[in-house]
Amino acid sequence: MKVLVTGAAGFIGSFVTQRFLERGDEVVGLDNLNDYYDPALKLARLARLEGRRGFRFARLDLADASGMATLFAQEKFQRVVHLAAQAGVRYSLKDPHSYINSNVLGTLNVLEGCRHNAVQHLVYASTSSVYGASTRMPYSEHEPASHPLSLYAASKRSCELMAHSYAALFGLPSTGLRFFTVYGPWGRPDMALFLFTRAILEGKPIEVFNNGHHQRDFTYVEDIAEGVVRATDHIATANAAWDGAAPDPATSRAPFRIYNIGNHRPIELLRYIEVLEDCLGAKAVRVMKPLQPGDVPDTCADVTELAAAVGYRPATPVEVGIRNFVEWFREYYRC
9 MKVLVTGAAG FIGSFVTQRF LERGDEVVGL DNLNDYYDPA LKLARLARLE
59 GRRGFRFARL DLADASGMAT LFAQEKFQRV VHLAAQAGVR YSLKDPHSYI
109 NSNVLGTLNV LEGCRHNAVQ HLVYASTSSV YGASTRMPYS EHEPASHPLS
159 LYAASKRSCE LMAHSYAALF GLPSTGLRFF TVYGPWGRPD MALFLFTRAI
209 LEGKPIEVFN NGHHQRDFTY VEDIAEGVVR ATDHIATANA AWDGAAPDPA
259 TSRAPFRIYN IGNHRPIELL RYIEVLEDCL GAKAVRVMKP LQPGDVPDTC
309 ADVTELAAAV GYRPATPVEV GIRNFVEWFR EYYRC
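Under the numbering used here, the first residue of the sequence shown carries the number 9, and numbering increases by one thereafter.
This is the structure:
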């Protein structure tokens, strides 16, 4: 199978690409290698993929409409896994335009490429942040996601809506995956686990928002990658029982699906920090802070639908996942 993976030099994208290559698929990995965080880390992830049989890299910006059109026309992908995005809830308060350019305009160019080149299935990254102000736990795809609390979340919800319109208008099968707090080796430097680890090893204090009492559905990156690949194989179909008088947000008369992809085992942030301290053999100096604008107090994924559809079963406990991250961090940064 010939697959395009956007964001292939990113955290999740590199693991998803590796998983496709391990099973013998041909992958074109796209990334613009921007400097939102240290490009050296992106290049190091990319180095693990380059030279692998079946892999080719395309350095290209999603917002480059002509470049994207040319790539799709030349390559004739069978499947597309769209993971590239401007990430981060808090950064969206500082640079909102980057979220529209990358997440909205970039996704439009992906949709157009799929539409005009007979792509069999588009799988794209969404986020648990779209649930926003909702406090009904666990989050279900069958509940509305109409009140995002950050522009990041709003941009990702926009991607879901655009994907549905292309499924309805052009019959493009599309599946959106709402990721829940992915962590693990090769993670992004702006994520909590990375920030906490670096600060603890340097003897610096860590900022603990919401006084550490919020819970997150921390999900290990290799569990996520396996779920993404399985979802790619499960081409979205129309729901014949869909009722416009009582619309189900997760399905449609069009070939469109949305799934949560998480661990379904929320962990309080304070416990997360305790596990990290145990793995590092050092205590954190904690500075307690209130909940930040755009953040939600808790997340928990109902993954029943994805489990039923593709057999998704996250298996990595947080104690193992954090230990794996710490081992990678010490080796990569030689500390």
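Ideal Cβ placement from N, Cα and C applies to all residues, glycine included. Source: prediction; values computed, not measured.
### Query
Which term fits residue 191, buried or exposed, when burial requires 16 or more other beta carbons within 10 angstroms of its beta carbon?
buried
#### Entry: Host beta strand (DSSP E) of residue 326 (start-end)
Taken as a continuous stretch (DSSP letters only), residue 326 belongs to no beta strand (DSSP E), being part of the alpha helix (DSSP H) at 326-341.
### Message
I want to see whether chain D comes within less than 8 Å of residue 329, judged by CB atoms only; does it?
### Response
No chain D is present in this structure, which holds just one protein chain.
### Query
Buried or exposed: where does residue 248 fall if 16 or more other Cβ atoms within 10 Å of its Cβ makes it buried?
exposed
### Query
Could you give the distance in angstroms between the alpha-carbon of residue 58 and the alpha-carbon of residue 184?
Straight-line Cα distance between these residues: approximately 28 Å.
#### Entry: Sufficient close CB pairs (3 or more, under 8 Å) joining the stretch 262-276 to the stretch 66-79
Look at the beta carbons and you see the stretch 262-276 not touching the stretch 66-79: under three pairs across the two are nearer than 8 Å.
### Message
Helix, strand or coil for residue 14? Go by DSSP, reduced to three states.
### Response
strand
### Query
In angstroms, rounded to a whole number, what distance separates the CA positions of residue 262 and residue 322?
29 Å
### Message
Let's test the definition: count the other Cβ atoms within 10 Å of the Cβ of residue 211 and tell me whether it reaches 16, buried, or not, exposed.
### Response
Answer is exposed; the Cβ neighbour count stays below 16.
### Query
With C-beta atoms as the reference, is residue 53 less than 8 Å away from residue 250?
No.
### Task
Look at residue 110 and residue 175 and say whether their C-beta atoms are less than 8 Å apart.
no
#### Entry: Integer-rounded CB distance, given that residue 225 should sit under 8 Å from residue 178
Not a contact, Cβ separation roughly 33 Å.
### Task
Answer with buried or exposed for residue 341, where buried requires no fewer than 16 other C-beta atoms within 10 angstroms of its C-beta.
exposed
### Query
What number of angstroms, rounded off, separates the C-alpha of residue 108 from the C-alpha of residue 160?
9 Å
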